[in-house]
Amino acid sequence: MDIGQIEAFVQVAALQSFSKAAEALFLTQPSVTARIQGLEREMQETLFERSGRGVRLTDAGQVFLPYAQKILQQLKEGRESIEGLRRSEIGFLRLGAAPALGTYVLPKVLKAFAEKYPNVEVTVKTGHSEQVMQLLLSDAVQIGLARTMIHPELETVPLYDDEVILVTNPSHRFCQHRMTRIEEVTRENLIFWDRTSSYYALIQGLFYQAGLPPKTTMEMDNVEATKKMVEEGLGIAFLPRVSVEREIEHGLLCEVLVTDIPAATREIAMMARRNRRPSRAVSAFIETVHTLYLLDSGAPARPAGRAASLQAVTGK
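For reference, each letter of the sequence shown is one residue, going 10 to 325 in this note's numbering.
In structure tokens form, the structure reads like this:
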């Protein structure tokens with residue numbers, strides 16, 4: 010059974026004529042007859058009754074007709090989907106992102122992406138950076154956003170430096186001068202979050218380098234909960250700047266500079282499998298990220314050549 014036979018069957022059933030079906034299909038009548046006969050042999054049933062007034066479906070033909078019509082409709086939809094994908098009108102995009110990036114960075118990127126490519130279906134999986142890397146390696150996602158990680162099967166392109174800053178309640182004593190020293194920080198109730206994340210190790214490292222143990226009074230499992238605790242004056246916390254920009258702007262949190270420790274940053278990158286030809290949706294997403302984080306004057310800049318390498322290595 011082939012598509013040509015099914016097309017001939019549906020046309021003959023609709024037009025009740027072999028000759029008219031042949032005209033509609035731009036075939037000769039013997040060709041249409043041969044296709045119907047081949048289909049009948051495979052089905053081991055007669056599908057049409059011939060008479061001087063034309064042809065009509067047998068009982069077997071009537072049973073088979075809706076299935077044949079469904080096959081042709083699904084084929085039509087499949088062809089249209091492929092054509093739409095070719096024109097980037099539709100497509101599928103599978104993304105992986107570290108939790109903070111999925112919450113505070115990805116919405117801005119996807120908003121810009123959706124404005125230009127509204128018909129792309131997007132799926133986002135979140136996990137710590139190591140988990141994002143594993144999602145990429147298992148082909149569960151096509152693009153990953155996480156801290157910079159090196160793996161021989163991945164192409165990693167740095168986007169910006171993610172700064173971790175100290176924040177307090179606006180009524181906290183540190184907020185008066187908006188600066189303090191690490192020794193003073195150790196005297197305060199410090200709220201830590203997500204012990205399994207790289208942020209936890211980064212913040213602990215600040216105190217380790219200073220030779221001073223922090224006074225940890227509370228541990229939370231996510232950034233949003235930590236922010237709320239700080240807002241209520243239950244402690245102070247080191248949090249990614251991107252996660253607290255809005256609260257600082259609206260006076261809900263206060264940024265405090267710790268003057269005697271180095272800036273705490275970690276590099277954020279976009280990652281993809283090497284030597285994989287990207288779909289149009291993936292290429293469009295990469296282009297959107299480049300525009301926002303390499304060309305946008307409000308975003309940390311990096312040499313365009315480094316970012317361009319992601320599309321080059323993935324095969325665009």
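Where a beta carbon is used, it is the ideal one built from N, C-alpha and C, also for glycine. Every value quoted in this text rests on a predicted model; they were computed, and no experiment measured them.
Going by beta carbon distance, what residues of the same chain come within less than 8 Å of Ala31, once the five residues before and after it are set aside?
Taking the sequence shown and counting its residues from 1, one reaches residue 31 at position 22. Around Ala31: Thr37, Gln38, Ser40 and Val41.
Throw me the rounded Cβ distance for the Val176 and Leu221 pair, which I believe falls under 8 Å.
On the sequence shown, residue 176 is found 167 positions in, with the first residue counted as 1. On the sequence shown, residue 221 is found 212 positions in, with the first residue counted as 1. Actually they are not in contact, since the Cβ atoms of Val176 and Leu221 sit about 19 Å apart, beyond 8 Å.
Is Met227 closer than 9 Å to Leu211 when the C-beta atoms are compared?
Start at 1 with the first residue of the sequence shown, and residue 211 comes out as number 202. Start at 1 with the first residue of the sequence shown, and residue 227 comes out as number 218. Cβ distance not < 9 Å, so Leu211 and Met227 don't count as in contact.
Scan the segment 47–99 and note each continuous beta strand (DSSP E) run of 3 residues or more that stays entirely inside, going in chain order.
With a minimum length of 3 residues, the continuous beta strand (DSSP E) runs that stay inside the segment 47–99 are 57–60 and 63–66.
Please identify the residue among Thr205, Met52, Arg182 and Trp202 whose C-alpha is closest to the C-alpha of Val194.
On the sequence shown, residue 194 is found 185 positions in, with the first residue counted as 1. Ranking the options by Cα distance to Val194, first place goes to Arg182.
Whole angstroms are fine: how far does the CA of Pro271 sit from the CA of Gln218?
Within the sequence shown, numbered from 1, the residue matching residue 218 stands at position 209. Within the sequence shown, numbered from 1, the residue matching residue 271 stands at position 262. If I take the Cα positions, the gap works out to 10 Å.
Within a Cβ cutoff of 7 Å, which residues of the same chain sit near Gly47, ignoring the five residues on either side of it in sequence?
As a position in the sequence shown, residue 47 is number 38, starting the count at 1. Here the set comprises Gln14.
Just to confirm my understanding: we take Ala155, look at its own chain, exclude 5 residues before and 5 after, and list those with CB closer than 6 Å. What are they?
Here residue 155 corresponds to residue number 146 of the sequence shown, with the count starting at 1. Within the same chain, Ala155 has close Cβ partners Ala107, Ser138 and Val141.
Flag this pair as touching only if the segment 260–270 and the segment 156–166 have three or more C-beta atom pairs under 8 Å; answer yes or no.
At 8 Å Cβ cutoff, the stretches do not touch.
Restricting to Cα atoms, I'd like to know which of Phe35, Ile245 and Ile80 is closest to Gln202.
For the purposes of this step, residue 202 is taken as residue 193 along the sequence shown, with counting starting at 1. Residue 202 is actually Trp in this sequence, not Gln. For Trp202, the nearest C-alpha among the options comes from Ile245.
Should Leu304 be labelled buried (16 or more other beta-carbon atoms within 10 Å of its own) or exposed?
The sequence position of residue 304 within the sequence shown is 295, counting from 1. Model confidence at Leu304 stands at a pLDDT of 47, short of 50, so the residue's coordinates are unreliable; what they give is reported in the following sentence. With fewer than 16 Cβ atoms within 10 Å of its Cβ, Leu304 is classed as exposed.
Where does Gly61 land, buried or exposed, given buried means 16+ other C-beta within 10 angstroms?
Numbered from 1 along the sequence shown, position 52 holds the residue referred to as residue 61. Per the 10 Å Cβ criterion, exposed.
Considering just the uninterrupted stretch of the alpha helix (DSSP H) at Tyr113, what are its terminal residues?
Looking up residue 113 in the sequence shown gives position 104. Counting along the chain, the alpha helix (DSSP H) containing Tyr113 begins and ends at Pro108 to Tyr113.
Short of 8 Å in beta carbon distance, which residues of its chain neighbour Cys409, apart from the five on each side in sequence? Order them along the chain.
With the chain represented from 10 up to 325, any question about residue 409 goes unanswered, as that position is not in the structure.
Restricting to runs no shorter than 3 residues, where is the beta strand (DSSP E) found entirely within the segment 105–163?
Segments of the beta strand (DSSP E) lying fully in the segment 105–163: 129–135 and 152–156.
Which residues in the same chain as Gly307 place their Cβ atom closer than 7 Å to its Cβ, once the five residues preceding and following it in sequence are excluded?
In the sequence shown, residue 307 corresponds to position 298, counting from 1. Only weak support is given to the placement of Gly307: the predicted model assigns it a pLDDT of 42, under 50, and the value that follows is read from those uncertain coordinates. Contacts found: none.
According to the neighbour-count rule (16 or more other Cβ atoms, all chains shown, within 10 Å of its Cβ), is Asp148 buried or exposed?
Residue 148 sits at position 139 when you count from the first residue of the sequence shown. When all chains shown are included, Asp148 counts as exposed.
Per DSSP, Asp170 is paired with what?
As a first step, residue 170 must be located in the sequence shown, where it is residue number 161. In DSSP, Asp170 forms a bridge with Glu276.
Leu215 by DSSP, collapsed to three states: which one?
In the sequence shown, residue 215 corresponds to position 206, counting from 1. Looking at Leu215 - three-state DSSP - the assignment turns out to be helix.
Can you name the start and end residues of the beta strand (DSSP E) that Glu264 belongs to?
Along the sequence shown, read from residue 1 onward, the residue named residue 264 stands at position 255. It spans Cys263 to Val267 - the beta strand (DSSP E) in which Glu264 sits, taken as one unbroken run.
Using three-state DSSP, classify Ile12 as helix, strand or coil.
Taking the sequence shown and counting its residues from 1, one reaches residue 12 at position 3. Helix, per DSSP.
Run through the DSSP bridge pairs and tell me what Thr103 is partnered with.
Within the sequence shown, numbered from 1, the residue matching residue 103 stands at position 94. The identity of residue 103 in the sequence shown is Arg, whereas the question assumes Thr. In DSSP, Arg103 forms a bridge with Thr132.
From Ala77 to Leu84, what distance separates their C-alpha atoms?
Here residue 77 refers to the residue found at position 68 of the sequence shown. Here residue 84 refers to the residue found at position 75 of the sequence shown. Rounded to the nearest angstrom, the two C-alpha atoms are 11 Å apart.
Does DSSP put Thr323 in a helix, in a strand, or in coil?
Translated into positions along the sequence shown, residue 323 becomes position 314. Confidence in Thr323 is poor, its pLDDT being 49 and thus under 50, which makes the residue's placement unreliable; the coordinate value appears in the next sentence. Note: Thr323 maps to helix in three-state DSSP.
Within this structure, are the beta carbons of Lys134 and Arg103 separated by less than 9 Å?
Along the sequence shown, read from residue 1 onward, the residue named residue 134 stands at position 125. Along the sequence shown, read from residue 1 onward, the residue named residue 103 stands at position 94. Yes. Within cutoff.
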